[in-house]
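S.K.: To start, I am sharing the structure in question, which I have written as structure tokens.
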Amino acid sequence: MELDELRKKIDSLDDEILRLLNQRYETVVKIGSWKKNKSGAIYVPEREKAVLDRLCSQNHGPMSNATLRSVYREIMSGALSLEYPLRVAYLGPEATYTHHAALSKFGRSVGYVPKTNLREVFSAVASGHAEYGCVPVENSTEGVVSHTLDMFLEWPDVMICAEINMQIHHSLLSLSGISQIRKVYAHPQTFGQCRCWFRENMPGVELLETSSNTRACELAAKDPEAAAVASPVAADVYGLASLRDRIEDNPDNTTRFLVIGNQKKMASPTGTDKTSVCFSIRDRVGALYDCLLPFKTEELTLSMIESRPSRAKNWEYHFFIDILGHKDDEPVKKALSDLESMTSAMRILGSYPRGNEAE
Numbered sequence: 054m055e056l057d058e059l060r061k062k063i064d065s066l067d068d069e070i071l072r073l074l075n076q077r078y079e080t081v082v083k084i085g086s087w088k089k090n091k092s093g094a095i096y097v098p099e100r101e102k103a104v105l106d107r108l109c110s111q112n113h114g115p116m117s118n119a120t121l122r123s124v125y126r127e128i129m130s131g132a133l134s135l136e137y138p139l140r141v142a143y144l145g146p147e148a149t150y151t152h153h154a155a156l157s158k159f160g161r162s163v164g165y166v167p168k169t170n171l172r173e174v175f176s177a178v179a180s181g182h183a184e185y186g187c188v189p190v191e192n193s194t195e196g197v198v199s200h201t202l203d204m205f206l207e208w209p210d211v212m213i214c215a216e217i218n219m220q221i222h223h224s225l226l227s228l229s230g231i232s233q234i235r236k237v238y239a240h241p242q243t244f245g246q247c248r249c250w251f252r253e254n255m256p257g258v259e260l261l262e263t264s265s266n267t268r269a270c271e272l273a274a275k276d277p278e279a280a281a282v283a284s285p286v287a288a289d290v291y292g293l294a295s296l297r298d299r300i301e302d303n304p305d306n307t308t309r310f311l312v313i314g315n316q317k318k319m320a321s322p323t324g325t326d327k328t329s330v331c332f333s334i335r336d337r338v339g340a341l342y343d344c345l346l347p348f349k350t351e352e353l354t355l356s357m358i359e360s361r362p363s364r365a366k367n368w369e370y371h372f373f374i375d376i377l378g379h380k381d382d383e384p385v386k387k388a389l390s391d392l393e394s395m396t397s398a399m400r401i402l403g404s405y406p407r408g409n410e411a412e
């Protein structure tokens, strides 16, 4: 087949894709009207997962599943904006990893609201100024972002709707060559993920902590003797050159982000879910052991357990756990019932589809 004929075939296929996309969006508008009349949630993560999983299972290439997910992310983003003008708050400013995580979940057709700290993100969601928020909660190198957990104690109406697992790759960005660098700016978590690289490659350089990697880029863009550690994408945004890529110590460096909302109804079970719980225990010997025993009895896996100090009384703690399973699964339901009977307070933060493996 000649090139002109192949291009005509592409044009014909594009026309058909356009027609079908508009048909899909017409159906989306009808679904949005139904949700509005029934006060249903606009963003339904379990439905999103079902659509993507079904399509990936039927995909025989040559398009990869990763590309398929990216394409449908934008199709779904456009659909969400047709149903309702969504606003998503995130730990900003623009071009942070949290911003990238939010884009990977909601696409480019919704409205994004950058916030300067985690409290502002939670406040925006709790007050209704944003329908959803995106916050980091755990890194495979540096561990749990404890301040995010603390926010759930301050904002009892905010719940977890979904999670995002994203590989994090750091680059050294600057206006100058590496031999001219005298100081490097980055967020403290980022420095923690690149500790060995700096020790081995730039031992005499001053490391200065900033509120975000984006702030680090802003400072580096004004000083030819400075560099920033940030995502490769930030180089273009701030007019910096990438001097070294992938400087993180762990090549599988992954951060888990949470999508938070104030909707009351939790996601329905999908078969591959996670349930996050916060509880407090009475001060007695063996109390934590007793609280965890129901999960062993029901043969449930805990993927995270973390403690945070109570602000009400010294040496008392709140515990956060992630359970593989949905709150409506019988084993989880039984374990949570037993747990509640042994705690002074317990709250289910959310049951939601597990995030895909980081890419």
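Position one of the sequence shown corresponds to residue 54 (this note's numbering), numbered consecutively onward.
For each residue, glycine too, the CB sits at the ideal point set by N, CA and C.
1) Of all the options F175, E127 and A177, which has the alpha carbon lying nearest to the alpha carbon of V163?
2) Would you mind listing the beta strand (DSSP E) stretches within the stretch 158-204 that are 3+ residues and don't spill past its ends, in chain order?
3) With which residues is S404 paired in a DSSP beta bridge?
4) Which stretch, first to last residue, makes up the beta strand (DSSP E) that contains G245?
5) Do K380 and I401 count as a contact pair if the criterion is CB distance below 8 Å?
6) Roughly how many angstroms lie between the CA atoms of N90 and M319, to the nearest whole one?
7) Taking the alpha carbon of S416 as the reference point, which residue from R268, P277 and K275 has its own alpha carbon closest?
8) At what residue ranges does the stretch 329-354 contain a whole run of the alpha helix (DSSP H), taking only runs of 4 or more?
9) Please name the residue, chosen from A177, E184 and M54, that lies closest to V97 on a Cα-to-Cα basis.
10) Can you tell me where the alpha helix (DSSP H) holding A103 begins and where it ends?
11) With three or more beta-carbon pairs closer than 8 Å as the criterion, would you say the stretch 385-396 touches the stretch 196-208?
12) If distances are taken between C-alpha atoms only, which option among L261, F372 and E351 comes closest to R361?
13) Considering only the beta carbon of each residue, do T80 and I221 sit closer than 8 Å?
14) Taking contact to mean 3 or more Cβ pairs, one atom from each stretch, closer than 8 Å, check whether the stretch 226-243 and the stretch 280-298 are in contact.
15) Pick helix, strand or coil for D302, following the three-state DSSP scheme.
16) Can you tell which of D326, E173 and E136 has its C-alpha closest to the C-alpha of Y78?
17) Going by DSSP, which residues form a beta bridge with S224?
18) Between L452 and T120, what straight-line distance do the alpha-carbon atoms span, to the nearest angstrom?
19) Note down the Cα distance separating R122 from L105, rounded to an integer number of angstroms.
20) Mind the definition here: the stretch 134-154 touches the stretch 176-194 only if three or more C-beta pairs lie below 8 Å; say whether that holds.
21) Please list, in chain order, all residues of the same chain as T151 whose beta carbon is under 8 Å from its beta carbon, the five residues on each side excluded.
22) Do you know whose CA, among K61, V258, A279 and G378, lies nearest Y405's CA?
23) What does the Cβ neighbour count give for T354, buried or exposed, with the cut at 16 atoms within 10 Å?
24) So the candidates are K366, L260 and H223; which of them puts its Cα closest to the Cα of P304?
25) If you reduce the DSSP assignment to three classes, tell me which class I358 lands in.
26) Mind the definition here: the stretch 333-350 touches the stretch 247-261 only if three or more C-beta pairs lie below 8 Å; say whether that holds.
27) Does G324 pass the burial test, meaning 16 or more other C-beta atoms within 10 Å, or should it be called exposed?
28) According to DSSP, K236 sits in a beta bridge with which residue or residues?
29) Give every residue of the same chain whose Cβ lies closer than 7 Å to the Cβ of Y238, excluding the five residues on either side of it in the sequence, and list them in chain order.
30) Going by DSSP, name the residue or residues bridged to A294.
31) I'd like to know whether the C-beta atoms of V211 and A177 end up nearer to each other than 8 Å.
32) Out of V198, V385, S157 and M399, state which residue places its alpha-carbon closest to the alpha-carbon of N218.
M.R.: Once the coordinates are examined:
1) Looking up residue 163 in the sequence shown gives position 110. Its Cα nearest to that of V163, the residue E127 stands out among F175, E127 and A177.
2) DSSP runs (the beta strand (DSSP E)) wholly in the stretch 158-204: 164-168 and 185-192.
3) Reading the sequence shown from its first residue, position 351 is the one you call residue 404. S404 pairs with T328.
4) Residue numbering aside, residue 245 sits at position 192 when the sequence shown is read from its first letter. DSSP places G245 outside any beta strand (DSSP E); the residue lies instead in the alpha helix (DSSP H), whose first and last residues are P241 to Q246.
5) As a first step, residue 401 must be located in the sequence shown, where it is residue number 348. As a first step, residue 380 must be located in the sequence shown, where it is residue number 327. Yes, the Cβ-Cβ distance between I401 and K380 is below 8 Å.
6) Indexing the sequence shown from 1 puts residue 90 at position 37. Indexing the sequence shown from 1 puts residue 319 at position 266. It is roughly 19 Å from the alpha-carbon of N90 to the alpha-carbon of M319.
7) Look at the range of the chain in this structure, 54 to 412, and you will see that residue 416 is not part of it.
8) Runs of the alpha helix (DSSP H) inside the stretch 329-354: 340-350.
9) Here residue 97 refers to the residue found at position 44 when the sequence shown is read from its first residue. Of A177, E184 and M54, the residue nearest in Cα terms is E184.
10) Position 50 of the sequence shown, counted from the first residue, corresponds to residue 103. Where A103 is concerned, the enclosing alpha helix (DSSP H) starts and stops at P98 to Q111.
11) At 8 Å Cβ cutoff, the stretches do not touch.
12) Indexing the sequence shown from 1 puts residue 361 at position 308. Comparing Cα-Cα distances from R361 to each of L261, F372 and E351, the minimum goes to F372.
13) Here residue 80 is taken as the residue at index 27 of the sequence shown, counted from 1. Here residue 221 is taken as the residue at index 168 of the sequence shown, counted from 1. For T80 and I221, no; Cβs fall outside 8 Å.
14) The stretch 226-243 is in contact with the stretch 280-298.
15) Translated into positions along the sequence shown, residue 302 becomes position 249. Reduced to three states, the DSSP call for D302 is coil.
16) Within the sequence shown, the letter at position 25 stands for residue 78. Nearest C-alpha to Y78: E136.
17) Reading the sequence shown from its first residue, position 171 is the one you call residue 224. Answer is A283.
18) Residue 452 lies beyond the residue range present for the chain, which begins at 54 and ends at 412; the question has no answer from this structure.
19) Position 69 of the sequence shown, counting from 1, holds the residue named residue 122. Position 52 of the sequence shown, counting from 1, holds the residue named residue 105. If I take the Cα positions, the gap works out to 7 Å.
20) In short, these stretches touch, since the Cβ pair count reaches three.
21) On the sequence shown, position 98 is the one that residue 151 refers to. Taken in chain order, the residues that qualify are Y143, L144, G145, C187, V188, P189 and F310.
22) One-based indexing of the sequence shown puts residue 405 at position 352. When each option's Cα is compared against that of Y405, the closest is G378.
23) Numbered from 1 along the sequence shown, position 301 holds the residue referred to as residue 354. Within 10 angstroms of the beta-carbon of T354 lie fewer than 16 other beta-carbons, which makes it exposed.
24) As a position in the sequence shown, residue 304 is number 251, starting the count at 1. Ranking K366, L260 and H223 by Cα distance to P304 puts H223 first.
25) As a position in the sequence shown, residue 358 is number 305, starting the count at 1. I358: strand per DSSP, three-state reduction.
26) Segments in contact, no.
27) Against the sequence shown, residue 324 aligns to sequence position 271. It is exposed - the Cβ of G324 has fewer than 16 other Cβ atoms within 10 Å.
28) Position 183 of the sequence shown, counting from 1, holds the residue named residue 236. Beta-bridge pairing links K236 to E259 and A279.
29) Indexing the sequence shown from 1 puts residue 238 at position 185. The beta carbon of Y238 sits closer than 7 Å to the beta carbons of L261, T263, A269, L272, A273, A279 and A281 from its chain, once the five residues preceding and following it are set aside; these are given in chain order.
30) The count along the sequence shown starts at 1 and reaches residue 294 at position 241. A294 is bridged by DSSP to S227.
31) Residue numbering aside, residue 211 sits at position 158 when the sequence shown is read from its first letter. Residue numbering aside, residue 177 sits at position 124 when the sequence shown is read from its first letter. Their beta carbons are not under 8 Å apart, which means V211 does not touch A177 by this criterion.
32) Here residue 218 refers to the residue found at position 165 when the sequence shown is read from its first residue. Checked all of V198, V385, S157 and M399; the closest Cα to N218 is S157.
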